[in-house]
Amino acid sequence: MMNVKERYEEAKAKYASIGVDTEAVLKKLAEVKISMHCWQGDDVKGFLTPDGELTGGIMATGNYPGAAHTPEQLRQDLEKAFSLIPGKHKLNLHAMYLDTDEPVDLNEIEPKHFEKWVAWAKEQGVGLDFNPTFFSHPMMKDGLTLAHPDKEVRDYWIEHGKRARKIAEYMGKEIGQTCIDNFWMPDGMKDNPIDRLSPRQRLMESLDEIFSEEINEEYTQDAVESKLFGLGAEAYTVGSHEFYMGYGLTRNKLICLDAGHFHPTEVISNKLTSLALFSKGIMLHVSRPVRWDSDHVVIMDDELQEIGKELVRNDLLGKTAIGLDFFDATINRIAAWAIGTRNTQKSLLKAMLEPIAELKEAERNFDFTKRIAFTEELKDFPYADVWNYFCEINNVPVGMDWYQEVLQYEKEVLSKRL
């Protein structure tokens, strides 16, 4: 039976026949950092009020055993997940995942409440991204935060947003990697509003106040994220795509596109090149909607592959921060991380293994026959052999071996948690 290296050498020769250098591709793929989200590990509960109700138009369903209940358990699970994923990446941390023994509210958080996370990230050699938490809190009133008509409510969340930026700045400075600080709030209404303008004006003014302080962008950059609807906000979301696209373009912010935050027939892949022309940069939340924004684990579906193609074919990786956002409590959570992250990497690899320059030249010459002939034949090329070799040289499990490690971890660790 042919081993991984032998199969790779055959694949290398096959790709070389169409002008693709697999060695260069592997180096390029190794440079891409995926920001893996912390909230898959505990079903979006966090450690501010871990037994509190999940609010903000989102829901995690299922009761698969082994969810993390403490920061220590979550870090242990993350370490296991990262050990199954080739390369060095980032962790996307939400504010409600603070690690402290003192009682503290969201409008009181400081860098010291995340010192253990920073120390862990340094030890693991991973970067950190950050998200203020505008949900699952009593001060989210009437389905609103920064857009609420009550100034006391808005001021609470404005203070939280300001503190989140200082924490992101601290993380970026300490770790030496730019920390993306992504702002999403679920403000909206269940039924049709009379006044769609005033909440958006309040949201705009609140965000302007949060971002009023200049912060060194070497350490942190702000991103703003839209959403179409959520549970309890089915008819109207204040922070729509048009709102945040306008805000990001006029305030020089990164614009975050979540694959699940649009109409079921609408995709984000086709938006990337347009935003790239006009925006400062793009943040992605790679997710998978099923009929609604249900944040399913990322699989190798058509849209994931199209996202990979758009980023690679148009050389957008340098101005795009790639993060994940899904939470499925019906399956093993470490497996969910491994499947989603590895698939995202695979989508980029498949795109990198295309003879892009040659295909673009054919297109410029209106040689559409060559374009479709090559893109169809490439579907049968042995990209998986290149992927397996990438895993092997990065000392992570090849093929389904990662799954056996997850089962062993479940037996030894997860099954013993209450």
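With positions in the sequence shown counted from 1, the corresponding number in the numbering used here is that position plus 4.
Even glycine gets a Cβ: it sits at the ideal position worked out from N, Cα and C.
Residues near residue i by beta carbon distance below 7 Å, same chain, minus five either side
i      : result
Ala168 : Ala99, Phe134, Pro136 and Asp185
Glu409 : Leu88 and Pro401
Asp312 : First, the amino acid is wrong: residue 312 is Gly here, not Asp. Only Ser351, Leu352, Lys354 and Ala355 meet the Cβ criterion.
Met5   : With a pLDDT of only 41 at Met5, under the threshold of 50, the placement of this residue in the model should not be trusted, and no figure is reported.
Ala64  : Asp47, Val48, Leu58, Phe331 and Ala333
Glu76  : none
Cut-off 8 Å between Cβ atoms - residues of its own chain near residue i, not counting five sequence neighbours on either side
i      : result
Val294 : His300
Asn392 : Val8, Arg11, Tyr12, Val402 and Gly403
Pro268 : Pro293, Arg295 and Trp296
Glu112 : Arg167
Asn347 : Val302, Ile303, Met304 and Leu308
Residue i, DSSP secondary structure in three states
i      : result
Ala20  : helix
Thr241 : strand
Thr224 : strand
Met5   : Here the model assigns Met5 a pLDDT of 41, short of 50, so the residue's position is not dependable, and the following value carries that caveat. Here Met5 sits in coil by DSSP.
Val316 : helix
Val302 : coil
Lys501 : The chain is shown only over 5 to 422; residue 501 falls outside these bounds and no answer can be derived.
Ala172 : helix
Leu281 : helix
Phe233 : coil
Asn336 : coil
Thr324 : strand
Pro197 : coil
Lys145 : strand
Met250 : Inspection of the sequence shows that residue 250 is occupied by Gly rather than by Met. Correct three-state label for Gly250: helix.
Arg292 : strand
Ser39  : strand
Gly403 : coil
Ile286 : strand
Leu418 : helix
Ile311 : helix
Asp81  : helix
Phe86  : helix
Asp431 : The structure shown does not extend to residue 431, since the chain spans only 5 to 422, so no value can be given for it.
His267 : coil
Leu258 : strand
Asp212 : helix
With 16 other Cβ atoms within 10 Å as the buried cut-off, status of residue i
i      : result
Thr241 : buried
Ile338 : buried
Ala377 : exposed
Asp81  : buried
Leu107 : Reading off the sequence, residue 107 comes out as Pro, not Leu. When all chains shown are included, Pro107 counts as exposed.
Thr334 : exposed
Gln349 : buried
Arg200 : exposed
Gly180 : exposed
Arg204 : buried
Thr254 : exposed
Gly243 : buried
Residue closest to residue i, alpha-carbon to alpha-carbon, out of the options
i      : options                           : result
Val24  : Pro359, Leu30 and Glu156          : Pro359
Gln44  : Tyr19, Leu52, Leu78 and Lys16     : Leu78
Trp124 : Glu178, His141 and Tyr160         : Glu178
His41  : Leu95, Leu411 and Ile397          : Leu95
Val342 : Gly50, Leu411 and Glu238          : Residue identity check: residue 342 is Ala in the sequence provided, not Val. That would be Leu411, whose Cα lies nearest to the Cα of Ala342.
Lys194 : Thr334, Thr379, Glu173 and Asp146 : Asp146
Ile101 : Val48, His164, Gly327 and Phe394  : Here residue 101 is Tyr; the residue named in the question, Ile, does not match the sequence. The residue with the shortest Cα to Cα distance from Tyr101 is Val48.
Gly176 : Lys257, Tyr223, Glu307 and Glu218 : Tyr223
Ile38  : Leu110, Phe394, Lys415 and Gly344 : Gly344
Lys155 : Ser140, Leu132, Tyr174 and Glu209 : Glu209
Trp406 : Glu381, Gly180 and Ala340         : Ala340
Leu110 : Ser140, Arg346, Glu270 and Asn196 : Ser140
Leu132 : Thr254, Tyr174, Arg346 and Leu418 : Tyr174
Phe138 : Asp159, Glu127, Lys126 and Gly129 : Asp159
Lys92  : Tyr413, Asn398 and Ser419         : Asn398
Same chain, Cβ closer than 6 Å to residue i, five either side skipped, listed in chain order
i      : result
Leu148 : Asp191
Arg317 : Ile360
Glu13  : none
Arg421 : Gly70
Glu396 : Val8 and Val402
Ile272 : Leu261 and Ala263
Ile326 : Ile38 and Leu288
C-beta neighbour in chain B for residue i, strict 8 Å
i      : result
His117 : In the structure shown, chain B does not exist; there is a single protein chain.
Proximity test, residue i beta-carbon vs the ligand MG heavy atom, cut-off 7 Å
i      : result
Gly327 : Absence of the ligand MG is noted for the structure shown, with no ligands found whatsoever.
* Asked: Per the contact definition of three or more C-beta pairs closer than 8 Å, is the stretch 368-378 in contact with the stretch 115-131?
  -> Contact between the stretch 115-131 and the stretch 368-378 is absent, because fewer than three Cβ pairs lie under 8 Å.
* Asked: Should the stretch 181-199 be called in touch with the stretch 220-233, which here means at least 3 C-beta pairs below 8 Å?
  -> yes
* Asked: Three or more beta-carbon pairs under 8 Å between the stretch 281-295 and the stretch 261-270, yes or no?
  -> Yes: at least three Cβ pairs fall under 8 Å.
* **contact_flag[the stretch 14-33, the stretch 377-386] where n(CB pairs < 8 Å) is 3 or more** => yes
* Contact the stretch 266-284 vs the stretch 245-256: 3+ CB pairs below 8 Å -> yes
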